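Heads up, the sequence shown is in the numbering used here, so the first residue is 3 and it goes up one at a time.
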Amino acid sequence: MTITNKIYQITLLSFLFGLFSPVVVRAGEMTGGDYIIKMGTITIGGANKTGPAVRPTDTVGQTTEPFSLTVSTNVVDFGTVKPATFAGGSLDLTVNGAGVHGYSVSAIEDHPLTAKPDIIIPDTACDPSAKCTPTRASPWTSSVAYGFGYNLDGPDTDQTEFADATHFRPFANNAANQNPVVIMSRQGRGEKAAAKLTFRVNVPPSQTSGAYQNTIQFIALPSF
Numbered sequence: 003m004t005i006t007n008k009i010y011q012i013t014l015l016s017f018l019f020g021l022f023s024p025v026v027v028r029a030g031e032m033t034g035g036d037y038i039i040k041m042g043t044i045t046i047g048g049a050n051k052t053g054p055a056v057r058p059t060d061t062v063g064q065t066t067e068p069f070s071l072t073v074s075t076n077v078v079d080f081g082t083v084k085p086a087t088f089a090g091g092s093l094d095l096t097v098n099g100a101g102v103h104g105y106s107v108s109a110i111e112d113h114p115l116t117a118k119p120d121i122i123i124p125d126t127a128c129d130p131s132a133k134c135t136p137t138r139a140s141p142w143t144s145s146v147a148y149g150f151g152y153n154l155d156g157p158d159t160d161q162t163e164f165a166d167a168t169h170f171r172p173f174a175n176n177a178a179n180q181n182p183v184v185i186m187s188r189q190g191r192g193e194k195a196a197a198k199l200t201f202r203v204n205v206p207p208s209q210t211s212g213a214y215q216n217t218i219q220f221i222a223l224p225s226f
């Protein structure tokens, strides 16, 4: 008997946003949906001066260009997954880096793909001959190498790690107290940058049928 498995949704729920440099943000905007975050005026100085006859006030600052991270979809549905058969989906990440001197985007999962009650699809270790880790990609081509992982393609991704479409690695796992891992970055000014993130899952015939899901969190950090 062939066992099929419903791997329904990998929900991209939340985005964190931070600043590398110790400046004070006095204006900004945060929106839902595609989670575009914009900065307004960044104040880096200001004070009141007094004298015998005058009391001038000055403010030193700069209006920045918007920095944003856009995700092409908030749900990736794997549909029906057959044992020992690769399945998956993809999404596009777009960073508008105008006005900043660099950026990084990190990712982490809340837990492995899980179906209640606590039935999991483990994160991939890729092919046994060259095991991958959250910080090291390696080939994943064997149909009997099971798990869940991702591949990256784009100029601001580590193209040494992801040498081609066969190289994968597992997400860092928040439930295992792991730290988010950088998946896109750039040093220096730039405009828009895009990357394609491709998910892959493969399960053994013994995998329990069910609706499995987890949440992937992206953390976008600009530098000034």
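Note that CB positions come from ideal geometry on N, CA and C, so glycine has one too. Note that the structure is a prediction, hence the values are computed from the model and not measured.
Helix, strand or coil at residue i according to DSSP, with G and I counted as helix
i, result
"N181", "coil"
"N98", "strand"
"M41", "Per-residue confidence for M41 stands at a pLDDT of 41, beneath the threshold of 50, marking its modelled position as unreliable; the derived number appears in the next sentence. Correct three-state label for M41: strand."
"N175", "strand"
"M32", "Any reading at M32 is ruled out, since the residue's pLDDT is 39, under 50, leaving its predicted position unreliable."
"S211", "coil"
"P141", "strand"
"S70", "strand"
"D160", "coil"
"K194", "strand"
"T135", "strand"
"F17", "Here F17 scores only 43 on pLDDT, less than 50, and its place in the model should not be relied on; the value that follows carries that caveat. Strand, per DSSP."
Reference residue i, options the options, closest by Cα
i, options, result
"P114", "S106, G192 and A174", "A174"
"I185", "F164, T126 and P207", "F164"
"S92", "K118, L154 and Q180", "L154"
"D129", "I123, I121 and W142", "W142"
"L199", "E193, S211, F220 and R188", "F220"
"T210", "S187, P85, V146 and A195", "P85"
"N181", "G81, G99, A109 and A195", "A109"
"C134", "V107, G192 and R171", "R171"
"T75", "A132, T96 and T87", "T96"
"Y214", "G101, F226, P124 and V107", "P124"
Where the beta strand (DSSP E) containing residue i begins and where it ends
i, result
"E111", "G104 to E111"
"D79", "V77 to D79"
One or two residues paired with residue i in a DSSP bridge
i, result
"P119", "Paired residue(s): none; P119 is not in a bridge."
"R202", "G90 and G151"
"P224", "Y105"
"D2", "Lying outside 3 to 226, the shown extent of the chain, residue 2 is not represented and no answer is given."
Any chain D beta carbon closer than 9 Å to residue i
i, result
"P157", "Protein chain content of the structure displayed is limited to a single chain, and chain D is not contained in it."
Distance cut-off 8 Å: residue i Cβ against heavy atoms of the ligand ZN
i, result
"G99", "Of the ligands one can find in the structure shown there are none, so the ligand ZN has no counterpart to examine."
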